[in-house]
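Read through the structure below, which is laid out as structure tokens, and then see the notes.
Numbering (my numbering), first residue to last: 35 to 146.
Written as structure tokens, this is what we have:
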């Protein structure tokens, strides 16, 4: 099992093989997913603060989508493509872009 901590929101213990996006959805962390988590947009963009070595490698499709994202850093990942491969702790910060997308997708959560 691995622990995923969404800075400022929640944390959850998840089985190996879970994506960051799936973990966020289990605890209602406000991570966007306009495309449904199929690597077709950047609304699930997060910054991995800790535990990047526990995650799957970036594929070319993910790199291409991140090229179109805002505030991209070396720690940037798409939550839908970041699969946890090892036990440990992963800490992520949900980007402003992702928060805005989540609020647009879920207007009942605006300002929370």
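Every residue gets a Cβ at the ideal spot worked out from N, C-alpha and C, and that includes glycine.
### Query
Could you give the distance in angstroms between the alpha-carbon of residue 81 and the alpha-carbon of residue 130?
About 10 Å.
### Query
Taking only runs of the alpha helix (DSSP H) that begin and end inside the segment 52 to 128, which ones reach a length of at least 4 residues, in chain order?
Counting only runs of 4 or more, we get 54 to 60, 94 to 100.
### Validate contact between the segment 128 to 142 and the segment 85 to 101 using beta carbons, cut 8 Å, 3 pairs
No: fewer than three Cβ pairs fall under 8 Å.
### Task
Within 10 angstroms of the Cβ of residue 124, are there 16 or more other Cβ atoms? Answer buried if so, exposed if not.
Buried, by the Cβ-count rule.
### Query
How is the beta strand (DSSP E) around residue 39 delimited, first residue to last?
Where residue 39 is concerned, the enclosing beta strand (DSSP E) stretches over 36 to 40.
### Query
Going by Cα to Cα distance, which pick from 48, 79, 68 is closest to residue 140?
Minimum Cα distance to residue 140 is reached at 68.
### Message
Suppose contacts are defined by Cβ-Cβ distances below 7 Å. Is residue 43 in contact with residue 57 by that definition?
### Response
No. Outside cutoff.
### Message
Beta-carbon within less than 6 Å of residue 51's beta-carbon, same chain only, minus the 5 sequence neighbours each way: which residues are those?
### Response
Same-chain partners within the cutoff: there are none.
### Query
Are the beta-carbon atoms of residue 106 and residue 112 separated by less than 7 Å?
Against a cut-off of 7 Å, the Cβ pair of residue 112 and residue 106 comes out as no contact.
### Message
So, at 8 Å on beta carbons, what are the nonlocal neighbours of residue 41 in its own chain, with the 5 sequence-adjacent residues on each side left out?
### Response
Closer than 8 Å at the Cβ level, and outside the excluded window around residue 41, lie 83, 125, 126, 127, 128.
### Query
Going by alpha carbons, who is nearest to residue 76 out of 135, 46, 47, 109?
Cα-wise, what sits closest to residue 76 is 135.
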